[in-house]
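S.K.: Numbering (this note's numbering), first residue to last: 1050 to 1474.
Note that CB positions come from ideal geometry on N, CA and C, so glycine has one too.
Given the structure is predicted, the values throughout are model-derived calculations rather than measurements.
Here it is: the structure, laid out below.
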């Protein structure tokens, strides 16, 4: 690897890290104010809305991920406009489908709660989600073209402005309408900015002539299975509030559980960064060297996960009471602790996910590990919630992540010995 490429990769990694740290910090800060300023029932509405959105995430296939593999050839052949046009067209199709489905889900929510506020909020949050589809191709393009600095500056600026407007708006009008209006307007503004950048840097002009053949090429086996793997992980973590809703749990309790989920979400952060970085490292190492690195990072994740868990065990109540809320502290702490135990189990095995994604057969990984876990998620959560309430839902995380980790380890060992046998011949 040349010095020029090394500098570009390091710069990309640096700005990507800065962006992720800033966005995660703003997200945590936003939730602290949301939980403090909104009624707990409204927090519950936000939680159950995101729970039902986890079903829609399966539709969010991202053909633009193929840019990681093929961008140099695309740039050399001067087909950036053609490919980005096809990605944006696909985003429009996703936008339309998700909005239509969201109306059906909102109608179901209305029948369940007889509340127009809940139905309208779900449609609003679905619209905000679908708007974000259009920025993804532009962000991926900037990243693979080593222009991550531009993407980072845009994301930091937009999220910072959103945070300021959200907090000032909630102080004056602590309602769900304020939440939707702020994020809705900022999403629309963001799309205008992303498209302006696309036009300015790449002189983009929409071309639909070759869109369908290029989409067929872009939606290759890796993109499809990688998307499904990510969707199932997202589904398992975010479906909890929807399960609570189906079981008739009160919005106040769903609000408390949502608070626990948002606190627990912070414990994903550093292990996820390691997982993404490992993917790049494994792609540049042979089998034996990748196994050596995997063992080291696996041990590190084990120690780090235990330390994170112990830290929350001793400081969790103080964090909840001083940063989030003075109400229902014991209940939120209990849910958070149980969920974080499940997250810790998953985090320990994250290096295996990176290794299997790069070195294994991602399609087989999906069918042997992700799919069984995804199929088990709904009945496990539902049965535990009906029997033990929200505490059972929280324990569902431990059961499902343990099952998933067991399958990952089994498949990893099978892949390892298979490669060892092949290399010995």
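1. May I ask which residues mark the beginning and end of the alpha helix (DSSP H) holding residue 1115?
2. Check whether the Cβ atoms of residue 1421 and residue 1384 lie closer than 8 Å to each other.
3. Nearest to residue 1102 by alpha carbon, out of 1287, 1084, 1120, 1426?
4. Give the range of the alpha helix (DSSP H) segment to which residue 1186 is assigned.
5. What beta strand (DSSP E) runs, 3 residues minimum, are completely inside the region 1223-1285?
6. Would you please state the rounded distance, in angstroms, between the beta carbons of residue 1126 and residue 1256? I believe it to be under 8 Å.
7. To the nearest whole angstrom, what separates the beta carbons of residue 1478 and residue 1097, a pair I think is in contact under 8 Å?
8. What is the rounded straight-line gap between the Cα of residue 1178 and the Cα of residue 1095?
9. Rounded to whole angstroms, how far is the Cβ of residue 1168 from the Cβ of residue 1156, which I believe are closer than 8 Å?
10. On the three-state DSSP scale, how would you describe residue 1377?
11. With H, G and I counted as helix, E and B as strand and the rest as coil, what does DSSP make of residue 1128?
12. Determine the burial state of residue 1070: buried for a count of at least 16 other Cβ atoms within 10 Å of its Cβ, exposed for fewer.
13. In its own chain, which residues sit with a C-beta less than 8 Å from the C-beta of residue 1225, not counting the 5 before and 5 after it?
14. Contact defined as beta carbons within less than 8 Å: I believe residue 1388 pairs with residue 1354. What is the distance between those atoms, to the nearest angstrom?
15. Output the distance between the C-alpha atoms of residue 1122 and residue 1189, rounded to the nearest integer angstrom.
16. Going by other Cβ atoms of all chains shown within 10 Å of its Cβ, with 16 needed for buried, is residue 1209 buried or exposed?
17. So the alpha helix (DSSP H) residue 1165 belongs to, where does it begin and stop?
18. Measure the C-alpha to C-alpha separation of residue 1193 and residue 1105 and round it to an integer number of angstroms.
M.R.: The relevant details are as follows:
1. Here residue 1115 refers to the residue found at position 66 when the chain shown is read from its first residue. No alpha helix (DSSP H) contains residue 1115, which DSSP labels as neither H nor E.
2. By one-based count along the chain shown, residue 1421 stands at place 372. By one-based count along the chain shown, residue 1384 stands at place 335. Contact flag unset, no.
3. Position 53 of the chain shown, counted from the first residue, corresponds to residue 1102. When each option's Cα is compared against that of residue 1102, the closest is 1287.
4. By 1-based counting over the chain shown, the position of residue 1186 is 137. Per DSSP, residue 1186 belongs to the alpha helix (DSSP H) from 1185-1193.
5. none
6. Within the chain shown, the letter at position 77 stands for residue 1126. Within the chain shown, the letter at position 207 stands for residue 1256. The Cβ separation is near 14 Å, so there is no contact.
7. Residue 1478 is absent from the model: the chain starts at 1050 and stops at 1474.
8. If you number the chain shown from 1, residue 1178 lands on position 129. If you number the chain shown from 1, residue 1095 lands on position 46. Looking at the two C-alpha atoms, the distance is approximately 13 Å.
9. Your numbering for residue 1168 matches position 119 in the chain shown. Your numbering for residue 1156 matches position 107 in the chain shown. 7 Å between Cβ atoms; contact.
10. Start at 1 with the first residue of the chain shown, and residue 1377 comes out as number 328. Coil.
11. Here residue 1128 refers to the residue found at position 79 of the chain shown. Here residue 1128 sits in coil by DSSP.
12. In the chain shown, the residue the question calls residue 1070 occupies position 21. By the 10 Å Cβ count, residue 1070 comes out exposed.
13. If you number the chain shown from 1, residue 1225 lands on position 176. If we look at residue 1225 and ignore the five residues flanking it on each side, its Cβ neighbours are 1087, 1091, 1094, 1095, 1166, 1170.
14. Counting from one through the chain shown, the residue named residue 1388 turns up at place 339. Counting from one through the chain shown, the residue named residue 1354 turns up at place 305. So it is not a contact: roughly 14 Å between Cβ atoms.
15. Position 73 of the chain shown holds residue 1122. Position 140 of the chain shown holds residue 1189. Distance between the alpha carbons of residue 1122 and residue 1189 is about 15 Å.
16. Translated into positions along the chain shown, residue 1209 becomes position 160. When all chains shown are included, residue 1209 counts as exposed.
17. Position 116 of the chain shown, counted from the start, is the residue given in the question as residue 1165. First-last of the alpha helix (DSSP H) with residue 1165: 1165-1180.
18. What you label residue 1193 is simply residue 144 of the chain shown in a count that begins at 1. What you label residue 1105 is simply residue 56 of the chain shown in a count that begins at 1. Just so you know, the alpha carbons of residue 1193 and residue 1105 end up roughly 27 Å apart.
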